[in-house]
Amino acid sequence: GEAGVRAVLGGGQRIDVTGLPGVPGSAARPGPEHDAWIIFTSGSTGKPKGVAVSHRSAAAFVDAEAALFLTEEPIGPGDRVMAGLSVAFDASCEEMWLAWRYGACLVPVPRSQVRSGADLGPWLVEQEISVVSTVPTLAALWEPETLDEVRLLIFGGEACPPELTQRLVTEGREVWNTYGPTEATVVACAALLTGEEPIRIGLPLNGWELAVVDESGEPVPMGGSGQLVIGGVGLARYLDPEKDAEKYAPLESLGWERAYRSGDLVRAEPEGLIFLGRADEQIKLGGRRIELGEVDAALQALPGVAGAAAAVRTARSGNQLLVGYLVAQEGWDHAAAVERLRAELPAALVPLLARVDELPTRTSGKVDRAALPWPLPELETTGPAEQLYGTEAWLAEQWAETLGVGVSGAADDFFAIGGNSLAAAQLTTRLRTRYPRAAVLDIYQQPVLR
């Protein structure tokens, strides 16, 4: 394979390397074009892809961030930088090299505390951490006061909820939102957050080039949306030559000899790019193609929500449901959230809302949609919590058969518990067995059971 592994060792076994054939005793000093590190990223096929980053790109990345963060009072020997990311994730290079470039202290976090998430807050205080690079999902679990000594907070790896930035942006602290694939050396662009919407991924780092292109590869006008393509000094390479030629093909419309197709959708604005989601996260639900990133953004913008992610799930009936998973604060208003989503999203994109304590993440820190809980305990009820009679009881049974989820009471809303246009059509077919003149419009006009 790409990794060139020749042996796999089990417990208690080891290899003693006494010398390598054909390699001189004193290796040549590495140059700017030599590989600094190789990271294996997960691919849509399930087969990891080896990505090699050169010393030139690595050095350019460190210098570009140094010119960006804390320019008035740069990181120095008095700073303590949290090292909480797995070294299998390229963002760990941000932690290491930002610290070491300035002689700051790099403080490793015990893995058990990283996994628990919430325990990291008190640890930050105990260790007097002043610089943190993390994912929003993790930071959402910390009490704001545990970050009192943090003067540089860098987010990356996933979309940043507006509510989180409003909580954590404060005087004396820089909060940055960064974006970048492994294939373009950790970070390609960044935005200084102010606590106001919209949340941007910003402008390119020094030496990086960004373009937003349409399906034909032509740049879109300002205000337009399209795929983000990256060029410049940060471009890495795939170990697989065929994959490298495909993903780093020239961008003829701009005359770039090598350009990385990110697969991410963004909107071009003068103040900085706005992330819209993954092109490959477009899914079909009820015959309609939807963008999960659009739903994510709407969920994350809800008041009182610290983190959110959408996923499609299949109910017992076989009906597909769009579910919005939320990490919400005390006093969060479910009804108000549903009302706001209905006002902002097309009916087909309004998800069933499920409150969770935390969002599962991968090694990279990104939300693992596949690991989001399903079925939801609150939907697995065998009958309504409120006693229903007559027509209401019959209607509740039809709802449950259509949606594959339980009905809790007469105040339930068909669309709030997972109904969509396709489900409304299916329900109408059932209703006509008793009410021949029933129409889909009736469900939209009277979505509440009672």
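Count along the sequence shown from 1, then add 1429; that gives the number in our numbering.
Heads up, the beta-carbon is just placed ideally off N, CA and C, and yes, glycines get one too.
Given the structure is predicted, the values throughout are model-derived calculations rather than measurements.
Measuring C-alpha to C-alpha distances from Ala-1496 to each of Gly-1835, Ala-1697, Leu-1878 and Leu-1527 identifies Leu-1527 as the nearest. Counting along the chain, no beta strand (DSSP E) covers Gln-1827; the unbroken alpha helix (DSSP H) around it starts and ends at 1819–1832.
When the beta-carbon positions are compared, Asn-1606 and Ala-1617 stay at least 8 Å from each other. Residue range 1734–1743 is occupied by the beta strand (DSSP E) that includes Arg-1742, with no alpha helix (DSSP H) assigned at that position. Shortest Cα-Cα distance from Arg-1629 to any of Arg-1879, Gly-1701 and Leu-1856 involves Gly-1701.
Using a Cβ-Cβ distance cut-off of 8 Å, the segment 1497–1513 and the segment 1480–1488 are not in contact, since fewer than three pairs of beta carbons, one from each stretch, lie closer than that value. Nearest to Ile-1504 by C-alpha distance, out of Gly-1479, Arg-1530 and Val-1516, is Arg-1530.
For Ala-1613, the closest alpha carbon among the candidates Val-1561, Arg-1687, Leu-1622 and Lys-1795 is that of Arg-1687.
Residue pairing of Arg-1707 in beta bridges, as defined by DSSP: Asp-1693.
The criterion of a C-beta distance shorter than 8 Å is not satisfied by Val-1836 and Ala-1569. The beta carbon of Glu-1626 sits closer than 6 Å to those of Pro-1591, all from its chain and outside the five residues before and after it, given in chain order.
In the DSSP secondary-structure assignment, Ile-1468 is bridged to Val-1480.
Cβ neighbours of Pro-1573 within its own chain (closer than 6 Å, five residues either side excluded): Arg-1596. Taking 8 Å as the upper bound for CB-CB distance, Cys-1589 and Pro-1610 are not in contact here, some 17 Å apart. As DSSP reads the structure, Asn-1606 sits in a beta bridge with Phe-1584 and Ala-1620. Inclusion of Gly-1636 and Gly-1660 in the CB contact set at 8 Å is not warranted, their separation being larger than that value. Taking Lys-1676 as reference, the option from Ser-1521, Val-1543, Val-1480 and Ile-1468 with the minimal CA-CA separation is Val-1480. In this structure, Phe-1844 sits near Ala-1776, with a CB-CB distance shorter than 8 Å. A residue is called buried when at least 16 other Cβ atoms come within 10 angstroms of its Cβ; Gln-1729 meets this threshold and is buried. Excluding five sequence positions before and after Arg-1861, the CB atoms of its chain that fall closer than 6 Å to its own CB belong to Ala-1867, given in chain order. Between Ala-1727 and Glu-1773, the gap from beta carbon to beta carbon is short of 8 Å. Non-local C-beta neighbours of Pro-1789 in its own chain, meaning closer than 6 Å and more than five positions away in sequence, comprise Asp-1797 and Ala-1800, ordered along the chain. Here Thr-1575 carries a helix assignment [DSSP, helix/strand/coil]. Excluding sequence positions up to five before and after Phe-1490, its CB lies within less than 7 Å of the CB of Thr-1614, Val-1615, Val-1616 and Gly-1663, all in the same chain and listed in chain order. Rounded to whole angstroms, Leu-1751 and Val-1779 show a C-alpha spacing of 8 Å. DSSP places Glu-1681 outside both helix and strand once states are collapsed to three, so it counts as coil. Judged by beta-carbon spacing, Ala-1840 lies beyond the 8 Å limit of Leu-1817, meaning their Cβ atoms are not closer than that value. By the C-beta density criterion, Ala-1517 is exposed, having fewer than 16 other C-beta atoms within 10 angstroms.
Counting only the Cα atoms, Thr-1831 lies some 51 Å from Glu-1681. Per DSSP, the beta-bridge partners of Cys-1534 are Arg-1509.
Judged by their CB atoms, Leu-1576 and Leu-1549 are not nearer to each other than the 8 Å cut-off. As the crow flies, the alpha-carbon of Glu-1638 is around 19 Å from that of Leu-1705. Around the C-beta of Arg-1540, fewer than 16 other C-beta atoms lie within 10 Å, and the residue is accordingly described as exposed. The beta carbons of Leu-1683 and Pro-1648 sit closer together than 8 Å. Beta-bridge partners of Asp-1842 (DSSP): Val-1877. Per the DSSP secondary-structure output, Thr-1790 pairs in a beta bridge with Val-1796.
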